[in-house]
Amino acid sequence: MTYKKTLIAVFSIALVLVPSLGGSAQTNVTLLNVSYDPTRELYQELNAAFAKAWKAKSGQTVTINQSHGGSGKQARAVIDGLEADVVTLALGYDVDAIQKAGLIAPNWQKRLPNNSSPYTSTIVFLVRKGNPKRIRDWDDLVKPGISVITPNPKTSGGARWNHLAAWGYVLKRQNGDDAKARDFVARLFKNVPVLDSGARGSTTTFVERGIGDVLIAWENEAILAARELAKGDFEIVVPTVSILAEPPVSVVDKVVDKHKTRTVAQAYLEFLYSDEGQRIAAKHYYRPRTPSVTAEFSQQFQQVQMFTIDELFGGWQKAQASHFNDGGIFDQIYQPGF
Amino acid sequence: MKKHSVLPGFGLTMGFTLLYLGLLVLIPLSMAFLKASSLSWDQFWHIVTAPRVLASYRLSFGASFAAALINAGFGLLVAWVLVRYSFPGRAIVDGLVDLPFALPTAVGGLALTATYAPTGWIGAKLAAVGIKAAYSPLGVVIALTFIGLPFVVRTVQPVLVDLEREVEEAAATLGANRLQTFRQIILPAVFPSVLTGFALAFARALGEYGSVVFISGNMPMRTEIVPLLIMTKLDQFDYAGATAIAVVMLVISFGLLFAINILQWLNARRLSAA
């Protein structure tokens, strides 16, 4: 008797729930933003702000789901069928891979301002309190006895920026001498005792395990570590020359056409360029693009001479092929007898 | 003549078994072979015999073997203690054994690294005597021993429970010393289960990724495990290269597990003949 009653109760609840789930689809819209690891907090805040703005503008309630992981892994997930409406990844190379799979239009990087990267960062050093090893610039990292922490560029998108930043520094200083850059980077990696598989892993090794004299990191991660993770135990050193890291964003064309979410997905990405979006990015230690917002946060970001991937390496495709693919420069550094 | 069994339904259950194994194991794994087959034989050979890949086979198989061997010895000991003695907190110790199963392996890796890093509690003491635990091949063995711990304990335990104490007593009354009792009475009875546990721990260790990448340091030629190299290939969107290495792992692993099964079968036959 009671079993029967329970059964009836379950069914009636199900009957009540099912129409209410499906019925309101017209005014609700859901987006999936597939991003990389350190943007979790940034997009939590940004999504709430955008939902509010979009509701005011269109009356639609938008829910944005986030997915985070290593940039390359996330790109593969999208290629393999994760239905992302937008991707916000660490490097253009990963978006290019999705484009090659036919999911994104070839001109994606030209569709939004500033190479489709609404916020930027750069590569800086995190050192221990008081800077006991007196690390001031890239040259100090190759000195004997200095222990440098950076992730493995083969598995970490972030670490590829680190490698290219060091390389570019030498090119800038030595009039584009590739042989000198190669020698410099090889000496740099001789000082690396641990190659974690991801950027957060390296931060843990440096901050929690106390290994290494200097951590090469994205500026946003370094400021986060210095201000929030371990207040006062670390200092940021900004080198004289560094790379302009441009994490790109794009709508995934195939998916938004299928979900009929192109308008809202487009508006979501454009919101990143609005003053409000730029401020949220800056709050999470990414360098904003808009000059007025940059001025507001001038205390937070030190001046540094920056070069781009396109300028020194001819874009990500070339940089990846010559530096990080199998048999590339990074592998040669570790080849026995190099 | 059709043989009658107490429970009917061989056809149905066998069909289900094949479907189940097919959907979960055979089809997904044959996809790996299919993907790798887009390479020419020369390309395949070149990828799977690159110096760095060879170094990673040595580390993965060597460290997994060492870890499984350690677990075989100490797992037997732990199982013995848990079965033969009753002491306060036995249930808790029993529960601890399963923890490496339940824990996300990344948590295990982080905890082990924190302990065995040069700044860690045990790592500092080891470093003082010149042993580098974390960020060395030893660190890999430690992580793989951790994740393999439950296998031997859990396979040996039920066998020890069934092993009657009277048999040991009989051996003693017949004049066997302790070593003889262990070697001739206990070991033959538990050996097949130790071997099973060893094989499971070994197989599990070969595929482990999550905990090892934290403690190994991932240095090329020295502390890169095979699964890490597969991941590095995937990060270059080199699916074919990744699956080529995966296929080698699959074939060697299957060969080793098959050999262990044969060993077990031979052992069982010898025992039943005796």
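Chains A and B supply the protein sequences, listed in that same order. Counting in the working numbering, the first sequence runs from 3 upward without gaps. Counting in the working numbering, the second sequence runs from 15 upward without gaps. All C-beta atoms, glycine included, are put in the ideal place defined by N, C-alpha and C.
DSSP three-state assignment for residue i, whether helix, strand or coil
i	result
Ala-105 (chain B)	helix
Leu-220 (chain B)	helix
Pro-21 (chain A)	Model confidence at Pro-21 (chain A) stands at a pLDDT of 45, short of 50, so the residue's coordinates are unreliable and nothing is read from them.
Asn-35 (chain A)	strand
Phe-309 (chain A)	strand
Ser-244 (chain A)	strand
Pro-290 (chain A)	strand
Ile-331 (chain A)	helix
Val-20 (chain B)	coil
Phe-47 (chain B)	helix
Ile-244 (chain B)	helix
Thr-65 (chain A)	strand
Ile-213 (chain A)	coil
Ile-136 (chain B)	helix
Ile-151 (chain A)	strand
Leu-26 (chain B)	helix
Asn-49 (chain A)	helix
Asn-133 (chain A)	coil
Asn-232 (chain B)	coil
Asn-109 (chain A)	coil
Other residues of its chain near residue i: CB distance less than 6 Å, five sequence neighbours each side excluded
i	result
Val-167 (chain B)	Gly-89, Val-92, Ala-93 and Val-111
Pro-241 (chain A)	Asp-139 and Trp-140
Leu-34 (chain A)	Asn-67, Ala-86 and Asp-87
Pro-195 (chain A)	Ser-149
Ala-232 (chain A)	Val-209
Leu-44 (chain A)	His-286
Cutoff 8 Å: residue i Cβ touching any chain B Cβ
i	result
Leu-197 (chain A)	yes
Arg-211 (chain A)	yes
Thr-157 (chain A)	yes
Gly-71 (chain A)	no
Gly-203 (chain A)	yes
Phe-326 (chain A)	yes
Arg-78 (chain A)	yes
Ala-247 (chain A)	no
Extent of the continuous beta strand (DSSP E) run through residue i
i	result
Glu-237 (chain A)	236–239
Ala-219 (chain A)	216–220
Gln-302 (chain A)	It is not in any beta strand (DSSP E) - Gln-302 (chain A) carries neither H nor E in the DSSP assignment.
Phe-127 (chain A)	121–130
Ser-252 (chain A)	251–253
Thr-90 (chain A)	88–90
8 Å Cβ cutoff, residue i in contact with chain A
i	result
Phe-251 (chain B)	yes
Pro-132 (chain B)	yes
Met-45 (chain B)	no
Met-263 (chain B)	no
Val-121 (chain B)	no
Asn-232 (chain B)	yes
Phe-30 (chain B)	no
Gly-255 (chain B)	yes
Val-290 (chain B)	Given a span of 15 to 288 for chain B in the structure shown, any question on residue 290 (chain B) remains unanswerable.
Leu-248 (chain B)	yes
Residue i: CB within 7 Å of a non-hydrogen atom of the ligand FMN
i	result
Arg-168 (chain B)	Questions concerning the ligand FMN fall outside what the structure shown contains, since it holds no ligand whatsoever.
Range covered by the alpha helix (DSSP H) that runs through residue i
i	result
Val-62 (chain B)	55–62
Arg-98 (chain B)	65–98
Thr-195 (chain B)	192–195
Ser-73 (chain A)	73–81
Lys-192 (chain A)	180–192
Pro-164 (chain B)	151–176
Asp-96 (chain A)	94–102
Ala-167 (chain A)	159–175
Ile-259 (chain B)	253–287
Other residues of its chain near residue i: CB distance less than 8 Å, five sequence neighbours each side excluded
i	result
Gly-61 (chain A)	Thr-29
Leu-220 (chain B)	Ser-74, Phe-75, Ser-78, Val-240, Met-263 and Ser-267
Ile-148 (chain A)	Lys-135, Ile-137, Asp-142, Asn-193, Asp-215 and Val-216
Same chain, Cβ closer than 7 Å to residue i, five either side skipped, listed in chain order
i	result
Val-261 (chain B)	Ala-46, Phe-47 and Ala-50
Val-170 (chain B)	Gly-89, Leu-90, Ala-93, Val-204, Ser-207, Val-208 and Gly-211
Handout entry: Cβ pair count under 8 Å reaching 3, the region 265–278 of chain B against the region 180–200 of chain A
Key = no
Handout entry: Segment contact, 8 Å Cβ cut-off, at least three pairs: the region 151–158 of chain B with the region 222–239 of chain B
Key = yes
Problem - Cβ pair count under 8 Å reaching 3, the region 235–254 of chain B against the region 161–179 of chain B - result: Between the region 235–254 of chain B and the region 161–179 of chain B there are fewer than three inter-stretch CB-CB distances shorter than 8 Å, so the stretches are not counted as touching.
Handout entry: At least three beta-carbon pairs within less than 8 Å, the region 89–97 of chain A to the region 243–259 of chain A
Key = yes
Practice task
Mind the definition here: the region 198–212 of chain B touches the region 138–150 of chain B only if three or more C-beta pairs lie below 8 Å; say whether that holds.
Solution key: No: the two stretches stay apart, fewer than three of their Cβ pairs being nearer than 8 Å.
Practice task
Count the CB pairs spanning the region 271–288 of chain A and the region 209–222 of chain A that are closer than 8 Å, and state whether there are at least three.
Solution key: yes
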